[in-house]
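Numbering (this note's numbering), first residue to last: 522 to 634.
Note that CB positions come from ideal geometry on N, CA and C, so glycine has one too.
Accompanying notes for the structure given below.
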Amino acid sequence: MNQIKFYRNIQTPYKKSLIYTRLGYEKTNTRLESGKKKEIDKWITEAEVLCKVDIIFWMVEITNIEKNAIILENSERIVSSSLSALLQHSNEAVLMAATSGPRITDEIKQLQQ
């Protein structure tokens with residue numbers, strides 16, 4: 522059907538407030554000292570520089586759907602009863618993956634040494 526497509530260095534929008542919430546900060550109940558907030562903001566900015574998302578996707582024709590599997594155009598078989606049920610009335614699917622690459626994990630390893 523279509524070729525595999527790559528999109529590199531996708532900017533990922535985010536809300537800084539959601540990061541603070543994930544860290545346990547509650548706007549109405551938690552106080553952060555000015556210096557600590559600046560430090561956290563600096564870390565968020567550093568992480569943003571490291572986070573360059575790559576996406577790969579492929580539109581693929583579904584040639585057959587069985588009870589526990591779907592068969593793709595290249596005769597690849599994906600065994601999954603739930604995926605088969607989800608795609609039971611479909612004639613194509615999108616296979617997709619995303620990664621922020623090794624930069625973040627490499628940085629974490631370096632900081633832990």
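Option nearest residue i by Cα separation, candidates the options
i    : options                   : result
I586 : S601, K526, W579 and C572 : S601
L604 : K588, K537, R529 and A618 : K588
R529 : L539, E628 and T620       : T620
Q609 : I592, R552 and I577       : I592
K558 : E613, D627 and Y546       : Y546
V570 : R543, S611, I531 and T542 : I531
Whole-angstrom distance between residue j and residue i, CA atom to CA atom
i    : j    : result
A590 : W579 : 18 Å
E567 : S555 : 18 Å
S596 : F527 : 23 Å
E582 : Q524 : 12 Å
W564 : V615 : 35 Å
A618 : D562 : 29 Å
L539 : T626 : 21 Å
E594 : S611 : 13 Å
T584 : E628 : 43 Å
Q549 : A606 : Checking the displayed sequence, the identity of residue 549 turns out to be Thr instead of Gln. So the alpha carbons of these two residues sit roughly 45 Å apart.
Y541 : L553 : 11 Å
Span of the alpha helix (DSSP H), counted from its first residue to its last, around residue i
i    : result
L616 : From DSSP, L616 is part of no alpha helix (DSSP H) but of the beta strand (DSSP E) over E613 to T620.
Y528 : Taken as a continuous stretch (DSSP letters only), Y528 belongs to no alpha helix (DSSP H), being part of the beta strand (DSSP E) at K526 to I531.
Residues of its chain near residue i, where Cβ-Cβ distance is below 7 Å and the 5 sequence neighbours each way are ignored
i    : result
G622 : K573 and D575
T533 : C572 and V574
K537 : I565
First through last residue of the beta strand (DSSP E) which encompasses residue i
i    : result
E494 : Shown here, the chain extends from 522 to 634; a query on residue 494 therefore has no answer.
L593 : A590 to L593
R598 : R598 to V600
Proximity test, Cβ basis, 9 Å: residue i and chain C
i    : result
Q634 : The structure shown contains no chain C; it is built from a single protein chain.
Residues near residue i in its chain [Cβ-Cβ closer than 8 Å; skip 5 each side]
i    : result
L544 : I561
Q551 : A small fix is needed here, since residue 551 is Thr in this sequence, not Gln. Once the five neighbours on either side are set aside, the close Cβ partners of T551 are G545.
E613 : M522, M580, V581, E582 and I583
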